[in-house]
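Numbering (the working numbering), first residue to last: 1025 to 1334. A virtual CB, placed ideally from N, CA and C, is assigned to each residue, including glycine. Just so you know, these numbers come straight off a predicted model, no measurement behind them. Contents: one structure, followed by commentary.
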């Protein structure tokens, strides 16, 4: 998430009432999670296990809960609770904006697009040309829809990320300030849910087709011309490259990469990154040829046991 204008380190420290290490005029351009940070961004870290990763990331401002040696060319924001203060910044730069109408006056709707009765189009939503948004679709604030996109009834684009920190008193939510971005010629079936990014974008690439009842987690990027069948569940920050086919009820853990041209068979559980142009089956998933060999051996096991016992 980039700020509307450049801020200084001192200004950011004032917003969250923190100390800082670095020049007061050090430029701050935005804030992001570690997997999408770019120079000028703030990233937060609150566990020693991840200090080095954050300090050596592309981010140039690190919101951290301990004063450590600051890498050259970077700055620190010292906080007793970086998670809390990251939320403060999200609220400051992306405050919740109440809807004033079913289709917000600030929404931009392209030529030839049809919004069926009962659909909700939030603040600053952009819809391209020749789209069809069916009844009871909800497009949360700042969602971006390309040209020639169809979204069927009951789908929700832009819900919050499922991202919590456990506290003694319960779970503390990380506030989502990102967007959902849908490229041209995408079809989205009924009752799909696509969560917005925490600070970045959840993106569906050009020409990709989603069946009904699919969950896409925050900050996930799905490439072009993918085909995804019903009841697939994709966790946050997954990258699915171009021309991947995913069959029903497959599941994906967070932070993995599904390589170009892959096929994921029904009910497969993808727990680690895959190879290009490879078919996967089973849970946890493996290459289908190996999975079929193991399955054949398991079917032979009762007869083998009978021979051993005779």
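ask   = Closest by CA to residue 1088, which one among 1243, 1075 and 1244?
value = 1075
inquiry  = By DSSP's criteria, residue 1026 is part of a beta bridge. Which residues make up the other side?
reply    = 1054
task = To the nearest angstrom, report how far apart residue 1112 and residue 1311 are at their CA atoms.
result = 45 angstroms
inquiry  = Which residue wins for smallest C-alpha separation from residue 1290, given the options 1298, 1299, 1274 and 1281?
reply    = 1274
key: Close beta carbons around residue 1050, own chain, < 7 angstroms, minus the five adjacent residues each side   = 1032, 1033 and 1099
message = Just to confirm the assignment: which complete beta strand (DSSP E) runs, minimum length 3, are found wholly within the segment 1087 to 1158?
response = 1099 to 1102
task = Along the beta strand (DSSP E) that carries residue 1243, what are the first and last residues, could you check?
result = Where residue 1243 is concerned, there is no enclosing beta strand (DSSP E), given that its DSSP letter is neither H nor E.
inquiry  = So, under 8 angstroms CB-CB, residue 1162 and residue 1144 are touching, yes? Tell me the CB distance rounded to an integer number of Å.
reply    = 5 angstroms
query = Does the pairing of the segment 1142 to 1157 with the segment 1187 to 1196 give three or more beta-carbon distances under 8 angstroms?
reply = no
ask   = Helix or strand or just coil, what does DSSP make of residue 1198?
value = coil
Distance, residue 1147 Cα to residue 1121 Cα = 8 angstroms
inquiry  = Between which residues of its own chain and residue 1208 is the CB-CB distance below 8 angstroms, once the five residues before and five after are set aside?
reply    = 1152, 1170, 1171, 1172, 1173, 1230 and 1231
ask   = In terms of DSSP beta bridges, what is residue 1043 paired with?
value = 1102
query = Span of the beta strand (DSSP E) holding residue 1225?
reply = 1225 to 1228
inquiry  = Per DSSP, what are the beta-bridge partners of residue 1191 in this structure?
reply    = 1194
For residue 1305: DSSP bridge partner residues = 1310
query = Can you tell me whether DSSP reads residue 1212 as helix, strand or coil?
reply = strand
query = What span of residues does the beta strand (DSSP E) with residue 1181 cover, start to end?
reply = 1180 to 1183
8 angstroms Cβ cutoff met for residue 1107 and residue 1065 = no
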